Structures are given as structure tokens and as C-alpha cells.
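Reviewing the structure listed below.
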Amino acid sequence: MTMTTRPIDRSKLFLSLLSGVLMTAAFPRTGWFWVAWAALIPLLLALRDISVKDGFRLGWLCGLIHAVGLLYWLSHTMSTYGHLPVYLTVSVLLLFSTYIGLYTAIFSMLIIYLGRTPIRTLITAPLLWAALEYLRSFALTGFTWGYLGHSQSAWLTLIQSADLWGVYGLSAIIVLFNVALFFLILSRTGKAWQGLPIPNSLAWRGMILAALCLSLTLTYGHIRLKQIERLSADAPKLTAGLAQGNIPQAEKWDPAFQITSTKKYIQLSSQLGPEKPDLIVWPETATPFYLFHNQALTRMVQRGVQKSGSAHIIGSPAVRKNDEGIAYYNSAYLLDPQGTLVARYDKAHLVPFGEYVPFKKWLPFIGKIVAQVGDFHAGPPGGILEYNGHRIGPLICYDGIFPVLARAAVNNGADLLVNLTNDAWYGRTSAPYQHLVQYVFRAVETRRSLIRATNTGISGFIQPTGQIENTTHLFESATRIQTVACLKNRSIYVRVGDTFAMLCLAVVVGLGLRQRFRRKQGTT
1012 MTMTTRPIDR
1022 SKLFLSLLSG
1032 VLMTAAFPRT
1042 GWFWVAWAAL
1052 IPLLLALRDI
1062 SVKDGFRLGW
1072 LCGLIHAVGL
1082 LYWLSHTMST
1092 YGHLPVYLTV
1102 SVLLLFSTYI
1112 GLYTAIFSML
1122 IIYLGRTPIR
1132 TLITAPLLWA
1142 ALEYLRSFAL
1152 TGFTWGYLGH
1162 SQSAWLTLIQ
1172 SADLWGVYGL
1182 SAIIVLFNVA
1192 LFFLILSRTG
1202 KAWQGLPIPN
1212 SLAWRGMILA
1222 ALCLSLTLTY
1232 GHIRLKQIER
1242 LSADAPKLTA
1252 GLAQGNIPQA
1262 EKWDPAFQIT
1272 STKKYIQLSS
1282 QLGPEKPDLI
1292 VWPETATPFY
1302 LFHNQALTRM
1312 VQRGVQKSGS
1322 AHIIGSPAVR
1332 KNDEGIAYYN
1342 SAYLLDPQGT
1352 LVARYDKAHL
1362 VPFGEYVPFK
1372 KWLPFIGKIV
1382 AQVGDFHAGP
1392 PGGILEYNGH
1402 RIGPLICYDG
1412 IFPVLARAAV
1422 NNGADLLVNL
1432 TNDAWYGRTS
1442 APYQHLVQYV
1452 FRAVETRRSL
1462 IRATNTGISG
1472 FIQPTGQIEN
1482 TTHLFESATR
1492 IQTVACLKNR
1502 SIYVRVGDTF
1512 AMLCLAVVVG
1522 LGLRQRFRRK
1532 QGTT
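In our numbering, the protein residues as written are 1012 to 1535.
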């Protein structure tokens, strides 16, 4: 079959831009999650009857606009805390957004290449999108922020299926619905896809398939919600408190404020003391010094822990000697109610160009974008803090956006997840809200309660169902306390991991090889 291709015109550029804007609108803070179910339709309309190369260009434009709208806060962070000029921060934002946009570009290119017929497109598109999201989870150290499925965090019934296939399955269903609705629009308006008309019967079969997949997912979610609520009611409980100190980032590492900042968190723990929580959680690097290295300030913390009468998990930088000299870590310390050190976890997935410089051996001229944090070493994944019959899985900041780390902790026996983070870097942008929804999926994927303590918000508790509860506001000093369930069962996703996404990738690669072979044979 020979298809006549059309050049890119203004209408196609507009449609690609529109899809990028609509995808961003589905995420916090806008939070119009329902928009995601039609956000790709303008892009698909733009991809009609164009070449593979032009499809790549339009997809890249769509992905670039979406990434800039989603990640604009990077410029704020770099200019405010990296002290970089605005023109440079915008350049870095555009460069990173260009990389993120490449995944939408590859999607668009391959849809044209592989989706020569409507049926092939309907089957290929959701698998391809899930496969590309999976690739992004580990390519160039990985970045899982802003997956399409994450936009649905508020739809609790829908997201329950994340305990089967992770966020990738939800993204695939959303794409399937977009494509089916797109073909229905084409059939009703008499327009073609790649030169082929769309019969009404085919369009309706596609919509029935999409509706069936969505209905099955919602049915599973309804049943699973009830099951997890019953399991949570019967599970062992732990009463946990959290402290949000609201320490300004400009003061956090200033030696003049070390004592004041430390006293602030001790005071917050003392406020929780009368309620006798089993555990109190402080945020990432809550102590602006090296705990158990600075002896005077460490004793101050230990006395505060003793006064509260509760075990504490405290975020602190750590230092120790290794074969290469001195190594620094971003750590979580577990102290018992007497202030004695019980265990320590070191952050496993560091922020590139923030906490370390990747490829430093080959790129020695590149420095950190954020100047106020050190050059850290990573700890082993899946570390556990064990206390009083509970095995706690810490996730420090960037750790939490990677499902593999939460899975590793639960596979090591964690019956509770704890997230320590410092979102002060983001100001009042949408980033703290986007960051929070990542942990909704960690809770659902692993079926674990999750305690989230941040320096400036948003702190709170997330149930194993993904329900966010008892949250704080941004930039307030606050405490919260809640009884959480400690489940022990392992979900299918914890057991099999990203098998669904890997199968999607394998199928897409197979379809690509098949299409290449057929083209060599002179067929399509």
C-alpha cells in the first residue's frame, strides 16, 4: 500500500501543541485528570497522512511542550538555589524537556511506522506507550516523574490495578481509550488513517474494547478496595507522628541556624509526646549537621528523643571513611526511645547533578546544578530499619519516584514505608503536588501504609488503598499523628515487578522487526 503524505502545516503544529498542553493539564496542580482520556487525540489527528520523520518532529514538539509545562519548576530551583542566571536555567530546562520530549517523538514516529492499519494502531499504541515509559525508568539514570497514569492518582477505584502491573498498565489503558475515541471521531467525520477509511463497525469495536478494559479495571478496583480496607482493619497497627519544621532553605545549611533548626524539631516531637506515638518521623536532612559525628548537637537530639518517649526516624547527612577516603551519605537514622542508634539507611538513588555528578570521570567540567548539597554516595537498595517487630522501608526523596526501590524494601520484609523528603527547593510551584502523587502509587503497588514527612510540606499519611489523609499545608510548621496499618501480604506487582512493561517492550520490538522484514520483502 502506498500512502500520500502531507507536509506539516500550521494546523498540525497547533494540534501537537494542544496535546502537550492538555497532558500537562491532567497533572497537579491543575489536576484535570479526566483530560488525559482525550489529551492525545489532537496529536493523533496531527499524525494523519504524514511521513515517519514528520511524525517524529510533531511528537517531539508535543512532548517538549508537555515537559516544559510539567517541569517548569526546575528553572525556579536552579535559579534560587543553584544561583544560576535565568537564561541558563531556562536553557537547562529546555534541554531536559527536549530529552523527555523524545519519548513522545519516538511514540509518534513508531505509530506511523508500525500502525499502518487502524487495527495495528489500536493494538500497538498502548503497548508502545507503556514500553517507552518503562525505558524512561532506567535510561540515563532514570526519571519516572509525570507518567500518564500518575495523572489518575485521585481516581482511587481505577488505580487499584497498580498492584498488578504498576502505573504502566494504567498508562496503557488511557492510551487505548484515546486511540479508540480517535478512530470513532474519524469514522463519524469520514476521515481516514494512513489512507485507509475507518468503518463504523471497526470504530465501535475499538470503543467496546477500550470500555471493556476500563470496566474490568474499575471492577477489579472496586473489589480490591474493599479487600484492602478489610485487611487494613485486621492488620497490626502502629501509631506514628510526623514533624514538619518548615525550615527555610536559605537557613537550612547556615551554621548560624544549626541550633535553632535542631531545637525546632525537638519542640515538634515534644508536642507529639503526650499522645505517645510509637514512632515519630522527621524529614530528609532534618538535622543540619552530621548526626553521631557532631557530638554536642547529637546529644541535644538524643535528649529530645528521650523526652518525647518515642522511637524516631531522623533524616541527616552522614559521613564515614571508606577505601577511597571520606564518603558522604544522605541517610535516615532509627533511634529508640532512649535515643540509642538502632539502624541507618542510606539513600539509594541520588539526584543527578544535585547530589552527585553522573559520568564525572568523562565529564569533569560539569558541576552540580544545586550548590547547597554535597557530593553523596549511594547506599544499597531495599534497606530496612527494624524496630519493635516492624520492618520499615525508608524512601528518601528521589528514592520514592522509583517503584523498584519500594518493591525491594517490601520484598525484604517491610510492612511499612516511610518517605523523608525536603521539597523546599520547589517553592510554591506544582512540584510538591506532583511529587506527592508518586507515593500514592508506591502505597498501592506495594499495599503498604506510607508515612510522608517533609520539611516544608506536603506531609501526611497514605493508606494502602492510595487514600491520602491528614496532610499539612505548604510552608507551615506542623505535626500530625495517625494510626497506620502494617500489612504483610505481597502484591502481585511486588512479586513480579515490571513484567507487564517488559512484555510490552518485547512485543513492540517484535513488531518493529516484523515490519522491517516485511518492508524488505516489499509488503506492508
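Even glycine gets a Cβ: it sits at the ideal position worked out from N, Cα and C.
These numbers come from a predicted model, not from an experiment.
{"query": "Take Ile-1209 and list the residues in its own chain whose beta-carbon comes closer than 6 Å to its own, dropping the five residues that flank it on each side.", "result": "Pro-1129, Phe-1194, Leu-1197 and Ser-1198"}
{"query": "Output the boundary residues of the beta strand (DSSP E) element that contains Gln-1493.", "result": "1489-1496"}
{"query": "Among residues of its own chain, excluding the 5 on either side of Pro-1053, which ones have a beta-carbon nearer than 6 Å to its beta-carbon?", "result": "Leu-1026, Leu-1029 and Ser-1030"}
{"query": "Beta-carbon separation of Ala-1329 and Tyr-1301 under 8 Å?", "result": "yes"}
{"query": "Can you tell me whether DSSP reads Trp-1156 as helix, strand or coil?", "result": "coil"}
{"query": "Alpha carbon to alpha carbon, how far is Asn-1341 from His-1360? Give it in angstroms, no decimals.", "result": "10 Å"}
{"query": "Express the C-alpha separation of Asp-1060 and Ala-1417 in angstroms, rounding to a whole number.", "result": "44 Å"}
{"query": "Taking 8 Å as the threshold, find out whether the segment 1503-1513 comes into contact with the segment 1171-1186 through three or more Cβ pairs.", "result": "yes"}
{"query": "Just to confirm, is the Cβ distance from Gly-1086 to Asn-1257 under 8 Å?", "result": "The sequence shown places Ser at residue 1086, not Gly. Contact flag unset, no."}
{"query": "Is it true that the segment 1260-1280 meets the segment 1510-1521, where meeting means three or more beta-carbon pairs spaced less than 8 Å apart?", "result": "no"}
{"query": "Near Pro-1018, what residues of its chain come up, given a Cβ to Cβ distance below 8 Å and the 5 sequence neighbours on each side ignored?", "result": "Ile-1061 and Asp-1065"}
{"query": "For the alpha helix (DSSP H) holding Asp-1174, just list the boundary residues, first then last.", "result": "1173-1200"}
{"query": "Using the Cβ count rule (16 or more neighbours within 10 Å means buried), how would you classify Ser-1162?", "result": "buried"}
{"query": "When you compare the CB positions of Pro-1294 and Asn-1433, do they come within less than 8 Å of one another, or not?", "result": "yes"}
{"query": "Please give the ranges of any beta strand (DSSP E) in the segment 1269-1339, keeping only runs that are unbroken, at least 3 residues long and fully inside the region.", "result": "1290-1292 and 1322-1333"}
{"query": "Nearest-angstrom Cα distance between Ala-1150 and Lys-1318?", "result": "47 Å"}
{"query": "Taking contact to mean at least 3 C-beta pairs separated by less than 8 Å, is the segment 1251-1269 in contact with the segment 1463-1472?", "result": "yes"}
{"query": "According to DSSP, is Gln-1474 helix, strand or coil?", "result": "coil"}
{"query": "Can you list, in chain order, the residues of its chain with a C-beta nearer than 8 Å to that of Tyr-1339? Leave out the 5 residues immediately preceding and following it.", "result": "Pro-1328, Ala-1329, Val-1330, Gly-1385, Asp-1386, Phe-1387 and His-1388"}
{"query": "Name the DSSP bridge partner or partners of Asn-1430?", "result": "Leu-1406 and Arg-1463"}
{"query": "Check this for me: beta carbons of Ile-1412 and Ile-1403, under 8 Å apart or not?", "result": "no"}
{"query": "On the DSSP bridge list, what partners appear for Tyr-1398?", "result": "His-1401"}
{"query": "When you compare only the Cα positions, how much space is there between Tyr-1409 and Ile-1291?", "result": "21 Å"}
{"query": "Distance, Cα to Cα, Lys-1358 vs Ala-1244?", "result": "32 Å"}
{"query": "How should Thr-1296 be labelled, buried or exposed, when 16 other C-beta atoms within 10 angstroms of its C-beta is the threshold for buried?", "result": "buried"}
{"query": "Measure the C-alpha to C-alpha separation of Leu-1072 and Ser-1148 and round it to an integer number of angstroms.", "result": "21 Å"}
{"query": "Got a sec? Which residues, its chain only, sit under 8 Å from Val-1101 by beta carbon, not counting five neighbours each side?", "result": "Ser-1086"}
{"query": "At which residues does the alpha helix (DSSP H) containing Ile-1083 begin and terminate?", "result": "For the record, residue 1083 in the displayed sequence is Tyr; it is not Ile. First-last for Tyr-1083: undefined, no H or E at that position."}
{"query": "When DSSP labels each residue in this structure, what does Gln-1526 get in the three-state scheme?", "result": "helix"}
{"query": "For the structure I just gave you, are there three or more beta carbon pairs, one from the segment 1121-1140 and one from the segment 1076-1084, closer than 8 Å?", "result": "no"}
{"query": "In angstroms, rounded to a whole number, what distance separates the CA positions of Lys-1531 and Arg-1525?", "result": "10 Å"}
{"query": "Residue range of the beta strand (DSSP E) that Arg-1355 falls in?", "result": "1352-1357"}
{"query": "Between Tyr-1110, Trp-1156, Trp-1048 and Leu-1146, which has its C-alpha nearest Tyr-1444's C-alpha?", "result": "Trp-1156"}
{"query": "Check Ala-1389 in the structure and name its three-state DSSP category.", "result": "coil"}
{"query": "Which of the three DSSP states is assigned to Asn-1538 in this structure?", "result": "Since the first residue shown for the chain is 1012 and the last is 1535, residue 1538 is missing from the structure and cannot be characterised."}
{"query": "Going by DSSP in three states, Asn-1422 sits in which element: helix, strand or coil?", "result": "helix"}
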